[in-house]
Amino acid sequence: MRAKLILLLIVCCAAALFFPSMPGSDSLKSVFRLTDEPNEVIVRGMSGSALTINISFGDEEVEQLIRELQAPYPLLLLDMDWAGRFPEIVQLIKKRNIPTGLLGHAGMEYEQNTPLLIEELEKYEKLFGTKPLWFRTSDEQFPYSLRTALWDTEVNALGSSVRWHTGEPPPVIEGEIISLPHYREERITLADFKKLTETRQNKSLEDVLFNMSIKTKKLPK
Numbered sequence: 366m367r368a369k370l371i372l373l374l375i376v377c378c379a380a381a382l383f384f385p386s387m388p389g390s391d392s393l394k395s396v397f398r399l400t401d402e403p404n405e406v407i408v409r410g411m412s413g414s415a416l417t418i419n420i421s422f423g424d425e426e427v428e429q430l431i432r433e434l435q436a437p438y439p440l441l442l443l444d445m446d447w448a449g450r451f452p453e454i455v456q457l458i459k460k461r462n463i464p465t466g467l468l469g470h471a472g473m474e475y476e477q478n479t480p481l482l483i484e485e486l487e488k489y490e491k492l493f494g495t496k497p498l499w500f501r502t503s504d505e506q507f508p509y510s511l512r513t514a515l516w517d518t519e520v521n522a523l524g525s526s527v528r529w530h531t532g533e534p535p536p537v538i539e540g541e542i543i544s545l546p547h548y549r550e551e552r553i554t555l556a557d558f559k560k561l562t563e564t565r566q567n568k569s570l571e572d573v574l575f576n577m578s579i580k581t582k583k584l585p586k
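What follows is the structure, encoded as structure tokens:
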């Protein structure tokens, strides 16, 4: 009997960690470190395609895009200055239960301004009630000091396999994490987004990562 109870406990713990939760609840634990050491950045999963959108500019076109999104939703990485200017769009994102992460500045800015990351994490937590699971710099550069700070705060550094925003969709790579921009100077249109989604098996980021395993990119100290 005791052995059966121990086995049941192990199964329950595994299910809580690796299976999606019910709609309306967090898709992962509020804190979940996915890499084994701070010099790793998540860049790819094993199956399907995960779309991520970096948002630091726009209002009406962003709102239209968000209203058009269908499950499985892409991960929206939000710049906190942008989020502060458009709280009504943030409320729409929360209402639709679309997953979000934190979009930072260029990577080197964090070497010169150590408190910057903490300030952004605090702003995110104030908006969403929890700290982000995912963090990406605008240029996908992660200096060692930044990766160490993310490791210490239990936030995952998220890169991408492919960056794209217009033209012919890129060839499919199983487990790919695609980064789509919505910046002032470069942004994806709704038409291009729909064209991309028609070319691949789209999954949530969690499904792409947890199907079998994840791939990381080791960066030097």
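When the sequence shown is numbered by the numbering used here, its final residue is 586 and no position is left out of the sequence of numbers.
Glycine is no exception: its CB is placed at the ideal position from the N, C-alpha and C atoms.
Buried or exposed, going by whether 16 or more other CB atoms sit within 10 Å of the CB of residue i?
i: Met387; result: Residue placement at Met387 cannot be trusted, given a pLDDT of 31 that sits under 50; the coordinates are not used to answer.
i: Ala556; result: exposed
i: Ala471; result: exposed
i: Arg549; result: exposed
i: Leu574; result: buried
i: Tyr509; result: exposed
i: Thr465; result: buried
i: Leu486; result: buried
i: Val537; result: exposed
i: Lys394; result: Unreliable placement is indicated for Lys394, whose pLDDT of 35 sits below 50; no coordinate value is reported for it.
i: Ile407; result: buried
i: Ile458; result: buried
i: Pro452; result: exposed
i: Arg450; result: exposed
i: Cys378; result: Confidence is the limiting factor: at Cys378 the pLDDT is only 42, short of 50, which leaves the residue's position unreliable and the question unanswerable from this model.
i: Glu476; result: exposed
i: Glu425; result: exposed
i: Gly410; result: buried
Of all the options the options, which has the alpha carbon lying nearest to the alpha carbon of residue i?
i: Glu402; options: Glu490, Leu574, Thr518; result: Thr518
i: Gln435; options: Asn567, Glu571, Asp572, Val573; result: Asn567
i: Phe502; options: Ser412, Ile420, Gly413; result: Note that residue 502 is Thr in the sequence shown here, rather than Phe. Comparing Cα positions, the closest option is Ile420.
i: His530; options: Pro452, Glu551, Leu440, Asp572; result: Glu551
i: Thr564; options: Pro534, Phe493, Gly540, Glu571; result: Pro534
i: Arg432; options: Leu570, Thr479, Arg461, Asn521; result: Arg461
i: Ile454; options: Glu484, Gly423, Asn478; result: Gly423
i: Ile483; options: Glu474, Ala514, Glu571; result: Ala514
i: Arg512; options: Phe558, Thr479, Lys560, Gly532; result: Thr479
i: Gln429; options: Thr554, Gly494, Ser525, Tyr475; result: Thr554
i: Leu545; options: Trp516, Ala448, Asp504; result: Asp504
i: Pro497; options: Leu441, Lys559, Thr562, Lys560; result: Leu441
i: Phe493; options: Ala448, Gln506, Glu571, Gly532; result: Ala448
i: Phe558; options: Gln506, Asp572, Gly532; result: Gly532
i: Thr562; options: Ser414, Glu474, Trp516; result: Ser414
i: Glu405; options: Phe507, Gln456, Val427, Leu443; result: Phe507
Taking Cβ positions, are residue i and residue j nearer each other than 7 Å?
i: Thr463; j: His547; result: The displayed chain sequence assigns Ile, not Thr, to residue 463. Not closer than 7 Å, so no.
i: Met445; j: Lys491; result: no
i: Leu416; j: Pro439; result: yes
i: Val527; j: Ile543; result: yes
i: Glu539; j: Ser412; result: yes
i: Trp499; j: Leu481; result: no
i: Pro437; j: Ser569; result: yes
**Request:** Please go through the region 409-445 and give each complete beta strand (DSSP E) segment of 3 or more residues, from N-terminal end onward.
**Result:** 414-420, 440-444
**Every unbroken beta strand (DSSP E) within the region 500-567, with a cutoff of 3 residues, ordered by chain** = 541-547
**Request:** Report the residue ranges of all alpha helix (DSSP H) runs contained in full by the region 472-496; include only those spanning at least 4 residues, in chain order.
**Result:** 474-477, 480-493
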